[in-house]
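Numbering (this note's numbering), first residue to last: 1244 to 1520.
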């Protein structure tokens, strides 16, 4: 029990020092807080040694789990709004390690008295990790860079080569949905796509073939971008979010199968200089 009290006393001193450094509390106040904690610790240790055989540990375990969860919330709040330096964050990690060692010593002592199974303290410590891990994962999510998509431009100065005759022997029947013009609604199409040609090559010939067959209502290809009309295509999936199609990959490499539904979206370029003004 003496070693346990010493370990907890060291833990309290380190915790008080961290709180004083983070919140910029004066030394006198920190000393008073430390004395109160130490007196409470000594009195608690005395009661612990007297009542070890008569205490109900269910309430103690629930109280410890709640305190552990609250400690995790405090750690998150202090780390987020206390503007800790890297040094303070390192000391906070040391504080958590000392806390874990102390509680393991406590669990060992309780196990010697046959009052508490050895795994219950460990389960209670998991409550501390819930808010901490949640916040750390949230910060990781926030720094994930946005996805970069490979868009396809309808060529204005060059033409794609014709699809080879051998490639036309292996075809997939797919459904395409796109807007013929900016203000119109979605129009559905059925087309046969060669499995082994790139999506950009297929889409180029699909647009040309449709406009040649329907000159009265063609697919509008006008664009402000000098590169040409910009398109982004998605493969619609039933139980997952749409997958962006890479125009430089073959049709089958984009996961396109028989009767797949493809949504083709016209992308409008943004003039950055205009936005700055």
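By construction, the Cβ of each residue, glycine as well, lies at the ideal position given by its N, Cα and C atoms.
Small disclaimer: the values here were computed from a predicted structure and weren't measured.
Compute the Euclidean distance between the alpha carbons of residue 1412 and residue 1493, then round it to the nearest angstrom.
Stepping through the chain shown from its first residue, residue 1412 is reached at position 169. Stepping through the chain shown from its first residue, residue 1493 is reached at position 250. C-alpha separation (whole angstroms): 15 Å.
May I ask you to verify whether the stretch 1395 to 1410 touches the stretch 1460 to 1474, counting CB pairs closer than 8 Å and requiring at least 3?
With a cut-off of 8 Å, the stretch 1460 to 1474 and the stretch 1395 to 1410 count as touching, because enough Cβ pairs lie within range.
CB-CB under 7 Å to residue 1291, same chain, minus the five flanking residues each way: which ones, in chain order?
For the purposes of this step, residue 1291 is identified with residue 48 of the chain shown, where counting begins at 1. For residue 1291, the pLDDT reaches just 47, beneath the cut-off of 50, and the residue's location in the model is therefore unreliable, although a value from the coordinates is still provided. Excluding sequence neighbours, residue 1291 sits near nothing in its chain.
So, with DSSP's three-state summary, where would you put residue 1385?
Locating residue 1385 in the chain shown gives position 142, counting from the first residue. In the three-state DSSP reduction, residue 1385 falls in the helix class (H, G or I).
What's the C-alpha gap between residue 1491 and residue 1418?
Residue mapping note: residue 1491 aligns to position 248 of the chain shown, counting from 1. Residue mapping note: residue 1418 aligns to position 175 of the chain shown, counting from 1. Answer to the nearest angstrom: the Cα atoms are 20 Å apart.
Would you mind giving the Cβ-Cβ distance between residue 1497 and residue 1488, rounded to the nearest angstrom? I have them listed as a contact below 8 Å.
Stepping through the chain shown from its first residue, residue 1497 is reached at position 254. Stepping through the chain shown from its first residue, residue 1488 is reached at position 245. Residue 1497 to residue 1488, Cβ: 5 Å. Contact.
For the stretch 1401 to 1415 and the stretch 1432 to 1446, state whether three or more C-beta atom pairs, one from each stretch, are separated by less than 8 Å.
yes
Could you tell me whether the Cβ atoms of residue 1482 and residue 1505 are closer together than 8 Å?
Here residue 1482 refers to the residue found at position 239 when the chain shown is read from its first residue. Here residue 1505 refers to the residue found at position 262 when the chain shown is read from its first residue. Not in contact: residue 1482 and residue 1505 (Cβ atoms no closer than 8 Å).
What ranges does the beta strand (DSSP E) occupy inside the stretch 1467 to 1506, keeping only unbroken runs of at least 3 residues that lie completely in it?
Complete beta strand (DSSP E) runs here, min 3: 1473 to 1479.
Grouping DSSP H, G and I as helix and E and B as strand, with all else coil, what is residue 1380?
Within the chain shown, numbered from 1, the residue matching residue 1380 stands at position 137. Looking at residue 1380 - three-state DSSP - the assignment turns out to be helix.
Do you know offhand how far residue 1388's Cα is from residue 1462's?
For this step, residue 1388 is matched to residue 145 along the chain shown. For this step, residue 1462 is matched to residue 219 along the chain shown. Taking the straight line joining both Cα atoms gives about 34 Å.
In three-state terms, what does DSSP make of residue 1397?
By one-based count along the chain shown, residue 1397 stands at place 154. Three-state DSSP puts residue 1397 in coil, outside helix and strand.
Residue 1498: beta carbon under 7 Å from a heavy atom of the ligand FAD?
The ligand content of the structure shown is nil, which means the ligand FAD is not present either.
Can you have a look at residue 1289 and say buried or exposed, based on whether 16 or more other CB atoms are within 10 angstroms of its CB?
Indexing the chain shown from 1 puts residue 1289 at position 46. Confidence is the limiting factor: at residue 1289 the pLDDT is only 46, short of 50, which leaves the residue's position unreliable, though a coordinate-based value still follows. For residue 1289, the number of other beta carbons within 10 angstroms of its own is below 16, and it is reported as exposed.
In three-state DSSP terms, what is residue 1436?
The residue given as residue 1436 occupies position 193 in the chain shown. If DSSP states are grouped into helix, strand and coil, residue 1436 belongs with the strands.
Quick one: give me the first and last residue of the alpha helix (DSSP H) that residue 1444 is part of.
Indexing the chain shown from 1 puts residue 1444 at position 201. 1442 to 1456 is the span of the alpha helix (DSSP H), which, as asked, contains residue 1444.
I'd like the list of long-range same chain contacts for residue 1434, defined as Cβ closer than 7 Å, with 5 residues on each side in sequence excluded.
The sequence position of residue 1434 within the chain shown is 191, counting from 1. Closer than 7 Å at the Cβ level, and outside the excluded window around residue 1434, lie 1417, 1419 and 1449.
My parser needs the alpha helix (DSSP H) runs of 4 or more residues fully inside the stretch 1412 to 1436; what are they?
Segments of the alpha helix (DSSP H) lying fully in the stretch 1412 to 1436: there are none.
In the DSSP output, which residue or residues are listed as bridge partners for residue 1508?
On the chain shown, residue 1508 is found 265 positions in, with the first residue counted as 1. DSSP lists 1475 as partners of residue 1508.
Pull up the CB-CB distance for residue 1464 and residue 1406, whole angstroms please, since I reckon it's below 8 Å.
Here residue 1464 refers to the residue found at position 221 of the chain shown. Here residue 1406 refers to the residue found at position 163 of the chain shown. Between residue 1406 and residue 1464 the Cβ distance is about 20 Å, and since that is not below 8 Å, they are no contact.
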